[in-house]
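K.L.:
Chains as they are written, first to last, in the numbering used here: chain A, 169 to 279; chain B, 1099 to 1212.
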């Protein structure tokens, strides 16, 4: 069974304090690993897709990396507006379009 | 594009009542997904459609849940009869199927069953 585990469950940072979120996964052949951002009361918003180990993608203060067992979402010099829940999901080669989500990391950035 | 549209945004009903949630996907997208999100279980896929045809409904919790997609621009998720444990946020998402694989989510429907 495909599984995604995210850590930590919650993270509190000061503005400008860089850190990383972890997403560990087990999947029967990875087709893609997805990162989403979810603000309270809203639907998840797509951030990145990673397809193979060693791949990296960046967007503003966020950088996502991928290995064969886990992905990291690095947040550099975060701002209060980066506060949100960050969700990781995997799509298996045999799962067609199905995404399996982790339970997320709630990030709070204080000014 | 207006994005994925869901209605209603909030629904409060009593146990035993029928509930119908509605979704309009992004125009041109050929995949449509229904998810349920709770604090305990996170975001779970219930069912998804490709070109209006249900492909995988293994996440539908029981026979009380049903979903239809009569055309490319409309889908419904129905719960009959509803129970308090069905209380959750229900999301609809769509995907273009053009290789990018990213799903775009609607704002969700918060369902409360009393």
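Here a beta-carbon is modelled for each residue, glycine too, at the ideal position from N, C-alpha and C.
Please read all numbers here as calculations on a predicted model, not as lab measurements.
Are there 16 or more other CB atoms within 10 angstroms of the CB of residue 224 of chain A, so buried, or fewer, so exposed?
P.N.:
Per the 10 Å Cβ criterion, exposed.
K.L.:
According to DSSP, what are the bridge partners of residue 1187 of chain B?
P.N.:
According to DSSP, which records beta bridges pairwise, residue 1187 of chain B is partnered with B:1135 and B:1208.
K.L.:
Tell whether a beta-carbon distance below 8 angstroms holds between residue 267 of chain A and residue 216 of chain A.
P.N.:
Not closer than 8 angstroms, so no.
K.L.:
Pick helix, strand or coil for residue 235 of chain A, following the three-state DSSP scheme.
P.N.:
Coil, per DSSP.
K.L.:
Any idea which residues DSSP pairs residue 257 of chain A with across the strands?
P.N.:
Residue 257 of chain A is bridged to A:202 and A:269.
K.L.:
Under 8 angstroms, with one C-beta from each stretch per pair, do the segment 1110 to 1122 of chain B and the segment 190 to 200 of chain A reach the 3-pair mark?
P.N.:
The answer is no - the segment 190 to 200 of chain A does not touch the segment 1110 to 1122 of chain B, with fewer than three Cβ pairs under 8 angstroms.
K.L.:
In the DSSP assignment, find the beta strand (DSSP E) that holds residue 1108 of chain B and state where it starts and stops.
P.N.:
Its beta strand (DSSP E) spans residues 1108 to 1111.
K.L.:
For residue 1193 of chain B, name the three-state secondary structure that DSSP assigns.
P.N.:
Correct three-state label for residue 1193 of chain B: strand.
K.L.:
What do you get for residue 276 of chain A, buried or exposed, if any count of 16 or more other CB atoms within 10 angstroms of its CB means buried?
P.N.:
Residue 276 of chain A comes out exposed.
K.L.:
Select from the segment 1143 to 1166 of chain B all residues with a C-beta closer than 8 angstroms to any C-beta belonging to chain A, and list them in chain order.
P.N.:
Result list: 1143, 1146, 1148, 1153 and 1154.
K.L.:
Return the CA-CA distance between residue 245 of chain A and residue 269 of chain A, expressed in angstroms with no decimal places.
P.N.:
Straight-line Cα distance between these residues: approximately 26 angstroms.
K.L.:
In chain B, what lies closer than 9 angstroms to residue 176 of chain A by C-beta?
P.N.:
Per Cβ cutoff of 9 angstroms: no residues; residue 176 of chain A is ~15 angstroms from chain B at best.
K.L.:
Counting only the same chain and skipping the five closest in sequence on each side, list residues whose C-beta sits under 7 angstroms from that of residue 1189 of chain B.
P.N.:
Excluding sequence neighbours, residue 1189 of chain B sits near 1133, 1135, 1203, 1204 and 1206.
K.L.:
I'd like the span of the beta strand (DSSP E) that includes residue 1096 of chain B, first residue to last.
P.N.:
Here chain B covers residues 1099 to 1212 and nothing more, so residue 1096 of chain B does not appear.
K.L.:
Does the Cβ-Cβ distance between residue 1118 of chain B and residue 1210 of chain B come in under 8 angstroms?
P.N.:
Cβ distance not < 8 angstroms, so residue 1118 of chain B and residue 1210 of chain B don't count as in contact.
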